[in-house]
Each structure stands twice: as structure tokens, then as C-alpha cells.
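Novice: For the sequence shown, the numbering used here assigns the number 3 to the initial residue and increments by one for each residue that follows.
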Amino acid sequence: MTIATPRWQRTLGLRLWMDRPRRSFVRILSPAKEAGIGSLRIGTEMWNYLPNVERIVKIPPSMMLQPWMGSDFTNDDLVKESSILDDYTHKVLATVQLDGEAVVQVEAVPKPDAAVVWGRIVYWVRRADTMPLKQEFFSERGERVRVLSFTDARKVGGRVLPTRWDMRPDAKPGNSTTVVLKDAVFDRPVDDEIFSQRNLQKR
């Protein structure tokens, strides 16, 4: 993950475990100053581990839109996967041509009682193979807040998927966070111990 602003840039090495759709665990591997920091998500609850003070911190709902590790991804981005199907209704907006290919725009709108942070999300998906191309996030006032783009599709772990994700906030020109997927393993069981606070405290 590379976080860039007009003034500085830094890169984090990460390892991620996922048990979709309910659990995920992220460990920072590098640089040394931040190695060992971890984030655990179970359902809609999230905890961070800070090794320099040896503390686990539970992330309250009021902090879910705060940047994760100073990036343009938020804490909510790590927990939203479990809610995108349950808390939103989806409809096809249009089929458009993009770079000579048919692309379907799908709108996700929160259900009336859903405790979510976005007013709506628009997904751009290539019709031929359902490859995700872009996501646009809008506030409750209808203003676009940020755009997540997916590129560099290639075979990883036996699947073809985008290996570069670029998040750009509309309100901060020149800022971006880029995630490059180096390797992946799919369809293997993950030990329950991975998704525990005890594991969170390990280096």
C-alpha cells in the first residue's frame, strides 16, 4: 500500500486474511517502525493493535470514517463487506460504453434503517466478465466524495482479478492511496485463531 500526498509518500507492506463475509485480519509487515500493527474485524466490530504501547483499541462507530493508517481508505472500508448485501438495495442504472467495452453501472442505496456511512455507492462493472472497474462513493447530500479504480487485471491464485486499486478523494487533489496485490491464495480454510485478539497482539 502506497499513500501519497503532494508533500510526502510512504509505503506499507501488508498481509491480509479474510473469511468472507464476516471476518478479516490485517498485519503491517513493513516498514520496521510500523511493523506489528494489526487490525481485526469480526462482523461490524473492529479492533486495532498498537505494539508500541502494547494496547488493543476498539474502534467506536464515530471513528469508522477516519483514515486507516493515514491512508485514503477508512476503518469502515475494512468492515463494510459484511453489510453491503444486507444493508443496501441494488439496481442497474445504465449500460454504457467505456474504452469500447460495455460497462454496467449498479447503484447501491442504503435501506431505511441501515447504519451505514454512504448515501449511495455506484459500481462500474464490465458486462462481459463482471470485472470491477470503478466504485464512486457519495455522501448523504449526494456529493461524490471519492473514487476507487481497479486496474492491472491478471491471474493471481488461479483467478483473474484487478491487482491495482487506486483510491482518490475528491476533496484532496493530489492525494491517493494505491494497493498493489502481490500474491493471493483462495479457497483454503483459515484457522479461527487468526481472527482472535490473542493473535492480534502477536508480532
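Glycine included, every Cβ here is placed at the ideal spot set by N, Cα and C.
Can you tell me which of VAL108, LEU42, PRO69, ALA117 puts its alpha carbon nearest to the alpha carbon of SER85?
Specialist: The candidate whose alpha carbon is nearest that of SER85 is ALA117.
Novice: Runs of 3 residues minimum, wholly inside the segment 104-156: which ones carry the beta strand (DSSP E) assignment?
Specialist: The qualifying runs are 122-128, 134-140.
Novice: Please state whether DSSP places GLU36 in a helix, a strand or coil.
Specialist: Of the three classes helix, strand and coil, the one that applies to GLU36 here is coil, per DSSP.
Novice: Mind checking SER32: buried by the 16 CB within 10 Å criterion, or exposed?
Specialist: Per the 10 Å Cβ criterion, exposed.
Novice: Taking only the alpha-carbon atoms, compute the straight-line gap between SER151 and ARG12 and give it to the nearest angstrom.
Specialist: Cα-Cα distance, rounded: 20 Å.
Novice: Quick one: residues in its chain with C-beta nearer than 6 Å to the C-beta of ASN50, no 5 flanking neighbours on either side, listed in chain order?
Specialist: SER41, VAL59, listed in sequence order.
Novice: With a 10 Å radius around its C-beta and 16 neighbouring C-beta atoms as the bar for buried, classify VAL105 as buried or exposed.
Specialist: Per the 10 Å Cβ criterion, buried.
Novice: Quick check: what's the CA-CA separation for ALA6 versus SER73?
Specialist: Using only the alpha carbons, I get a separation of about 8 Å.
Novice: If you follow the beta strand (DSSP E) that GLN203 is in, where does it begin and where does it stop?
Specialist: No beta strand (DSSP E) contains GLN203, which DSSP labels as neither H nor E.
Novice: Out of ARG29, VAL124, ARG166, MET66, which one is the CA nearest neighbour of GLN137?
Specialist: The residue with the shortest Cα to Cα distance from GLN137 is VAL124.
Novice: Going by Cα to Cα distance, which pick from ARG29, THR4, ARG22, LYS35 is closest to LEU16?
Specialist: LEU16 has its Cα closest to that of ARG29, out of ARG29, THR4, ARG22, LYS35.
Novice: Identify whether ASP189 lies in helix, strand or coil by the three-state DSSP scheme.
Specialist: In this structure, ASP189 counts as coil in the three-state DSSP scheme.
Novice: May I have the straight-line CA-CA distance separating ALA34 from LEU95, to the nearest angstrom?
Specialist: Answer to the nearest angstrom: the Cα atoms are 46 Å apart.
Novice: Return yes when the C-beta of ARG12 is under 6 Å from any heavy atom of the ligand PLP, and no when it is not.
Specialist: Annotation note on the ligand PLP: not contained in the displayed structure, which lists no ligands.
Novice: For SER85, report the span of its beta strand (DSSP E) as first-last.
Specialist: Premise fails: SER85 is in no beta strand (DSSP E) and is neither H nor E.
Novice: Please state if the CB of PHE139 and the CB of ARG148 are separated by a distance shorter than 7 Å.
Specialist: Against a cut-off of 7 Å, the Cβ pair of PHE139 and ARG148 comes out as a contact.
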